[in-house]
């Protein structure tokens, strides 16, 4: 309950800061040269932008309670921002989760195998993959996939197609997952090696427990606790940081909408997308705290004692 209360306070603070920062944005949503000063004044009055700062903020806050983010001023005039979010948010979340699942699975498998085959060719390969994943930006992988897979081989479409959501999201998913694969492989290898060298693992082996059982019941479970710490920010980063990838593949997601909002000074769109990102970040971190206690009961016990 304390964490939920803190989340509410955090969202309120973020809302205020976003509203304040948009006051300092150059220009306005109505920068059309064809509009004269009288027409601009009428538009400001129509949308309530001529009111004092705090008046507008509390009106906006009251509307947020009813999930009313206002209307778009420029991108699609007078269309509710909530409608725009409803069509784009599922696309961003779906591709982000696909990339996360693919990256975590491949990264974990690669890291665990590398730890079990330490100093072998497999270990070296995993290290090379990790270095490439960290060094090469996601948009470079995206452009390579576009050229070789989509253009030269023509196996998959370049642009996102709403009528083929899964097929056309494969390339964006792979592009986003490369960094996750590298991160998970590195952490999984390091944590697994540390676990395999601990006393309780040596004791289990001395008692005659088989290698697969030792890995599955003891090493893997203890390896997952620190890895979850890495998964949480990675998940948020994938969902919120896919602006460039969405532009390359024409994905109609939140990243593309945010870019449109910023370039057009569409205040309501900018604040709505930023608030959604903030909400996702807070929820994911809260879920991670719960998962800590499920995976490692010692964390639950310590929390209860406190």
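In my numbering, the protein residues as written are 47 to 352. We put the beta carbon where it would ideally sit given N, CA and C, even for glycine.
Review point. How about residue 237 and residue 273: do their beta carbons lie closer than 8 Å?
Key: Going by C-beta atoms, residue 237 is nearer than 8 Å to residue 273.
Check your understanding: With residue 141 and residue 307 assumed to form a contact (beta carbons below 8 Å), what rounded beta-carbon distance in angstroms separates them?
Key -> Between residue 307 and residue 141 the Cβ distance is about 20 Å, and since that is not below 8 Å, they are no contact.
Review point. Do three or more CB pairs link the segment 181-197 to the segment 146-159 at distances below 8 Å?
Key: These segments do not touch.
**Study point:** Own chain residues within Cβ distance below 7 Å of residue 260, not counting five before or after
**Key:** Correct list, in chain order: 247, 250 and 251.
Check your understanding: If you count every other CB in all the chains shown that lies within 10 Å of the CB of residue 285, and 16 or more means buried, which is it?
Key -> By the neighbour-count criterion, in which a residue is buried when 16 or more other Cβ atoms sit within 10 angstroms of its Cβ, residue 285 is buried.
**Study point:** Validate contact between the segment 323-339 and the segment 56-71 using beta carbons, cut 8 Å, 3 pairs
**Key:** Segments in contact, yes.
Practice item. Could you tell me if residue 138 is buried or exposed, where buried requires 16 or more neighbouring beta carbons within 10 angstroms of its beta carbon? Key: Residue 138 should be labelled buried.
Practice item. Tell me, please, which residues DSSP counts as bridged to residue 126. Key: Paired residues: 117.
Check your understanding: If residue 335 and residue 49 are in contact, beta carbons under 8 Å, what's the gap, nearest whole angstrom?
Key -> For a cut-off of 8 Å, the C-beta gap from residue 335 to residue 49 is around 7 Å, short enough to register as a contact.
**Study point:** residue 351 versus residue 337: straight-line alpha-carbon distance, rounded
**Key:** Residue confidence for residue 351 is low, a pLDDT of 49 falling below 50, so the modelled location carries little weight; the figure read from the coordinates is stated next. Approximately 18 Å between the Cα atoms of the pair.
Review point. Are residue 234 and residue 175 closer than 8 Å when you measure CB to CB?
Key: In this structure, residue 234 lies away from residue 175, with their beta-carbon atoms at least 8 Å apart.
Check your understanding: Out of 275, 186 and 168, which has the shortest C-alpha to C-alpha gap to residue 291?
Key -> For the residues 275, 186 and 168, the minimum Cα distance to residue 291 belongs to 186.
Point to revise | Reduced DSSP secondary structure (H/G/I, E/B, other) of residue 47 | key: Residue state, collapsed to three classes: coil.
Check your understanding: What number of angstroms, rounded off, separates the C-alpha of residue 295 from the C-alpha of residue 279?
Key -> Going by C-alpha positions, residue 295 is about 24 Å away from residue 279.
Practice item. With DSSP as the reference, label residue 176 as helix, strand or coil. Key: Note: residue 176 maps to helix in three-state DSSP.
Check your understanding: On the premise that residue 226 lies in contact with residue 331, defined as a C-beta separation below 8 Å, what is that separation, rounded to the nearest angstrom?
Key -> Contact doesn't hold; Cβ gap of about 17 Å is too wide.
Practice item. Report the residue from 120, 73 and 68 whose alpha carbon sits nearest the alpha carbon of residue 99. Key: If you compare the alpha carbons of 120, 73 and 68 with that of residue 99, the shortest gap goes to 68.
Exercise for review: Let me know the secondary structure DSSP gives residue 163 once reduced to three states.
Suggested key: Under the three-state reduction of DSSP, residue 163 is assigned to coil, being neither helix nor strand.
Review point. Which word fits residue 281, buried or exposed, when buried means at least 16 other C-beta atoms lie within 10 angstroms of its C-beta?
Key: Of the other Cβ atoms in all chains shown, 16 or more fall within 10 Å of the Cβ of residue 281; this residue is therefore buried.
Check your understanding: Which word fits residue 115, buried or exposed, when buried means at least 16 other C-beta atoms lie within 10 angstroms of its C-beta?
Key -> That one is buried.
Review point. Pick from 96, 224 and 312: whose alpha carbon is nearest that of residue 124?
Key: When 96, 224 and 312 are compared, the shortest CA-CA separation from residue 124 is found for 312.
Point to revise | Residue span of the alpha helix (DSSP H) that contains residue 223, given as start and end | key: That run of the alpha helix (DSSP H) goes 216-242.
Point to revise | CB contact flag (residue 315, residue 305, <8 Å) | key: Cβ atoms of residue 315 and residue 305: not closer than 8 Å.
Practice item. Return yes when the Cβ of residue 130 is within less than 8 Å of the Cβ of residue 179, no when it is not. Key: Result no, Cβ atoms of residue 179 and residue 130 do not sit closer than 8 Å.
Check your understanding: Cβ of residue 265 within 8 Å of Cβ of residue 241?
Key -> Contact: yes.
Exercise for review: Counting only the same chain and skipping the five closest in sequence on each side, list residues whose C-beta sits under 7 Å from that of residue 198.
Suggested key: The answer is none, since no qualifying residue turns up.
Exercise for review: Compute the distance between the beta-carbons of residue 161 and residue 111, then report whether it is under 8 Å.
Suggested key: Taking 8 Å as the Cβ cut-off, residue 161 and residue 111 do not qualify as a contacting pair.
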